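Student: Pasting a structure below so you can have a look.
Protein chains in written order, with UniProt numbering: chain W, 1 to 210; chain C, 1 to 210; chain Z, 1 to 210.
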């Protein structure tokens, strides 16, 4: 079956999209190449690294799959030549899709790794969401901004939570691992794409309410 | 004896107070529910998590005592209905006391865990203080502020240091564990409450001095 | 031989220089003594701590060599009395040299620890650079600034990369450990001092290019 090749393609696409979000933000802040590489690296690998440290898992996944490191390095080095093109409308749309796929894949793979490490359902969903979103949080902290996913009001982390919950529910009802994963990714990525397409808004969780 | 029930009550109160400090700060920044939950979570569990990672201790304490996770989740979900009340004067005063109790308890429990892991007195006091204050530091970093405890000039971390030192000194002089702990918590919490009540001020540690 | 005494002297000098960079930054932000100590501590030990956590290495190096902790503590406590002097021109120049030596030493010792832990050349160079620069990044995040090394455009992290690469290349060609280390430190420290002396500038890695 070619399912594993599909997973691989999604993983590469997600990593590229996450790295690009960091790369673009760092360039906007007029950083030098060290800043651009660092922020791109943290955006792409921060979530998985925090997950691995919290679960005490070694080797870290970017140590194990070093090709991803080289990929991000190559992206940063060549960025000035292709970034203009990537920022045009088609490129932006492609990136939204790749980012949503990365969100779904990292949320489910993170949750699945946590389950394998003996974590409870709640902790597993949290670990999956951590894998998917902490890179972006670290990116914004390094760029000296309040993390975007905390104030954007457009569902992102919640899509990862929903996907992780569906994955665990399917697995708990005896659905085979690959299919449960596919269902989880579909829910996380699907809800994210819908949220972007229809501009769904979360309410502020404010103090004003009486 | 009912001492362990008392510890448990203090621990719940401290966790609630720490989570509330994050919850309020995140709401002030007009974050959405994802931001409010993340910042409340980090405020409550950040210090203990950093301590556990530095000491290479697993499972993390919020993985072991998952009830705390559910508690913080429930607090965030219901916050809009009770927060107004909590912010009135009595609520604010209650929170200052709960926060001071949490400071003392986390400082001593952190130091005691470090001692059990074979750390030296200096490192143990540092680990206790880390447990007590790093959640608040992470909260402020995520909210894009200079950490409050670094610039507040009202003793907070130093109360944790004092309590940890007293705890270690008592234990070194043969005082039984429970009583040494009680002494340490009393010093940390007591000095903190005195600092708030009498508005003690630390001097700036400035460059101007000649 | 007196080589190990030389290493020790460089390590002390580098730690002092790193701690001072945090101490000065924190004082500029008008922090109290808790803030000044925390930022100095993180500047001096943050890089090595992150390296040790990522490589899952215990005891942490500041737990193993506790004298460094006491040194930083003593520096912070006495700072108001000597800092004026240190900030005059000779002091500033001395600090640039000590910082460059620290950069070189930490980059090479970090890379060498990573190699010993079985890491690949790319990961080892990254770990060395992490050891040398992450303390400064954490210092700037705590002071609520965009990390200086990301936007300074004057080579710093790249000198650590160059030194690490030379160290690995020498070791791979059979040069004995001590000499390979010396070569790596010389390249990292030397390029850094040249960059400062001749005001080398990295180009912005910007979006404007067409």
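Don't be surprised by glycine CBs; every beta carbon is placed ideally from N, CA and C.
Fair warning: this is a prediction, and the values are worked out from it, not measured in the lab.
(1) Going by DSSP, which residues form a beta bridge with residue 204 of chain Z?
(2) Alpha carbon to alpha carbon, how far is residue 54 of chain C from residue 58 of chain Z? Give it in angstroms, no decimals.
(3) Could you tell me how far apart the beta carbons of residue 194 of chain W and residue 125 of chain W are, in whole angstroms, since I believe they sit closer than 8 Å?
(4) By alpha-carbon positions, which one of Z:33, Z:129 and Z:62 ends up nearest to residue 78 of chain Z?
(5) Counting beta carbon pairs with one atom in the stretch 8-19 of chain Z and one in the stretch 92-107 of chain Z, are three or more of them shorter than 8 Å?
(6) Is the separation between the beta-carbon of residue 35 of chain W and that of residue 150 of chain Z shorter than 8 Å?
(7) Taking the CB atoms as reference points, tell me whether residue 196 of chain C and residue 129 of chain C lie closer together than 8 Å.
(8) Whose C-beta lies closer than 6 Å to the C-beta of residue 148 of chain W among residues of the same chain, with five residues either side of it excluded?
(9) Residues of the stretch 53-67 of chain W with a CB closer than 7 Å to any CB of chain Z: list them in chain order, please.
(10) Who are the near neighbours of residue 175 of chain C in its chain, counting only those whose CB is closer than 8 Å to its CB and skipping five residues on each side?
(11) For residue 93 of chain C, name the three-state secondary structure that DSSP assigns.
(12) State the DSSP-derived secondary structure class of residue 120 of chain Z, mapped to helix, strand or coil.
(13) Hey, out of Z:20, Z:9, Z:110 and Z:157, whose CA is closest to residue 48 of chain Z's CA?
(14) When DSSP labels each residue in this structure, what does residue 99 of chain Z get in the three-state scheme?
(15) When the distance is taken between beta carbons, is residue 43 of chain Z closer than 8 Å to residue 67 of chain Z?
(16) By the DSSP assignment, the alpha helix (DSSP H) with residue 55 of chain W in it spans what residues?
(17) Going by C-alpha to C-alpha distance, which of Z:28, Z:27 and Z:102 sits closest to residue 9 of chain Z?
(18) Can you find a heavy atom of the ligand COA that lies under 7 Å from the Cβ of residue 128 of chain W?
(19) Relative to chain C, which residues along the stretch 101-127 of chain W have a C-beta separation below 8 Å, given in chain order?
(20) I'd like to check one pair, residue 185 of chain C with residue 163 of chain C: are the Cβ atoms closer than 8 Å?
(21) For residue 69 of chain W, name the three-state secondary structure that DSSP assigns.
(22) Would a check of beta-carbon distances place residue 94 of chain W closer than 8 Å to chain Z?
(23) I'd like to know whether the C-beta of residue 147 of chain Z is nearer than 8 Å to at least one C-beta of chain W.
(24) Applying a beta-carbon distance threshold of less than 7 Å, which residues of chain C neighbour residue 202 of chain W?
(25) Interface residues of chain C around residue 158 of chain W at Cβ under 7 Å?
(26) Within the 8 Å Cβ cut-off, does residue 196 of chain Z reach chain W?
(27) Check whether the Cβ of residue 153 of chain W lies closer than 8 Å to any Cβ atom in chain C.
(28) How long is the line joining the alpha carbons of residue 159 of chain W and residue 52 of chain Z, rounded to whole angstroms?
(29) Confirm, please, whether the CB-CB distance from residue 76 of chain Z to residue 40 of chain Z is below 8 Å.
(30) Do residue 31 of chain Z and residue 205 of chain C have their beta-carbon atoms positioned less than 8 Å apart in this structure?
(31) Given a cut-off of 8 Å on the beta-carbon distance, is the pair residue 119 of chain C and residue 63 of chain Z in contact?
(32) Under DSSP, the alpha helix (DSSP H) around residue 150 of chain W begins and ends at which residues?
(33) Please report the residue range of the alpha helix (DSSP H) in which residue 167 of chain C lies.
(34) Since residue 155 of chain W and residue 191 of chain W should fall inside the 8 Å C-beta cutoff, what is the C-beta to C-beta distance between them, to a whole number of angstroms?
(35) How should residue 203 of chain W be labelled, buried or exposed, when 16 other C-beta atoms within 10 angstroms of its C-beta is the threshold for buried?
(36) Using only the alpha-carbon positions, how far apart do residue 60 of chain W and residue 88 of chain C sit?
Tutor: Once the coordinates are examined:
(1) Paired residues: W:32.
(2) Cα-Cα distance, rounded: 8 Å.
(3) The pair is not a contact, with the Cβ atoms about 20 Å apart (cut-off 8 Å).
(4) Looking at the Cα atoms, Z:33 is the closest of the given residues.
(5) A contact exists between the stretch 92-107 of chain Z and the stretch 8-19 of chain Z.
(6) Yes, Cβ-Cβ distance for residue 35 of chain W and residue 150 of chain Z is below 8 Å.
(7) No, Cβ-Cβ distance for residue 196 of chain C and residue 129 of chain C is not below 8 Å.
(8) Excluding residues within five positions, the ones whose Cβ falls inside 6 Å are 140.
(9) Hits within the stretch, in order: 53, 58, 60, 63 and 66.
(10) Cβ neighbours of residue 175 of chain C beyond the five flanking positions: 183.
(11) DSSP places residue 93 of chain C in the helix class (H, G or I) of the three-state scheme.
(12) It is coil, neither helix nor strand.
(13) Comparing Cα positions, the closest option is Z:110.
(14) In the structure shown, residue 99 of chain Z sits in a helix (DSSP, three-state: H, G or I).
(15) At a Cβ-Cβ threshold of 8 Å, residue 67 of chain Z and residue 43 of chain Z do not count as neighbours.
(16) Premise fails: residue 55 of chain W is in no alpha helix (DSSP H) and is neither H nor E.
(17) Check the Cα spacing between residue 9 of chain Z and each of Z:28, Z:27 and Z:102: the tightest is with Z:102.
(18) Questions concerning the ligand COA fall outside what the structure shown contains, since it holds no ligand whatsoever.
(19) Under the 8 Å Cβ criterion, the stretch 101-127 of chain W contributes 119, 120, 122, 123 and 126.
(20) Yes, the pair counts as a contact, with Cβ atoms nearer than the cut-off.
(21) DSSP, reduced to helix, strand and coil, places residue 69 of chain W within a helical segment of the structure shown.
(22) False, the Cβ-Cβ gap to chain Z never drops below 8 Å.
(23) Chain W contact via Cβ: present.
(24) Annotation: Cβ neighbours of residue 202 of chain W in chain C (cutoff 7 Å, chain order): 32 and 33.
(25) Taking the beta carbon of residue 158 of chain W as reference, the chain C residues within 7 Å of it are 34, listed in sequence order.
(26) Contact of residue 196 of chain Z with chain W is not assigned, every C-beta pair being separated by 8 Å or more.
(27) By this cut-off, residue 153 of chain W is an interface position.
(28) Approximately 34 Å between the Cα atoms of the pair.
(29) Yes, these two residues count as a Cβ contact at 8 Å.
(30) Going by C-beta atoms, residue 205 of chain C is nearer than 8 Å to residue 31 of chain Z.
(31) A distance below 8 Å separates the beta carbons of residue 119 of chain C and residue 63 of chain Z.
(32) Boundaries of the alpha helix (DSSP H) around residue 150 of chain W: 148-151.
(33) From DSSP, the alpha helix (DSSP H) with residue 167 of chain C extends over 157-172.
(34) Rounded, the Cβ-Cβ distance is 7 Å, consistent with contact.
(35) Its Cβ having fewer than 16 others within 10 Å, residue 203 of chain W is exposed.
(36) Looking at the two C-alpha atoms, the distance is approximately 47 Å.
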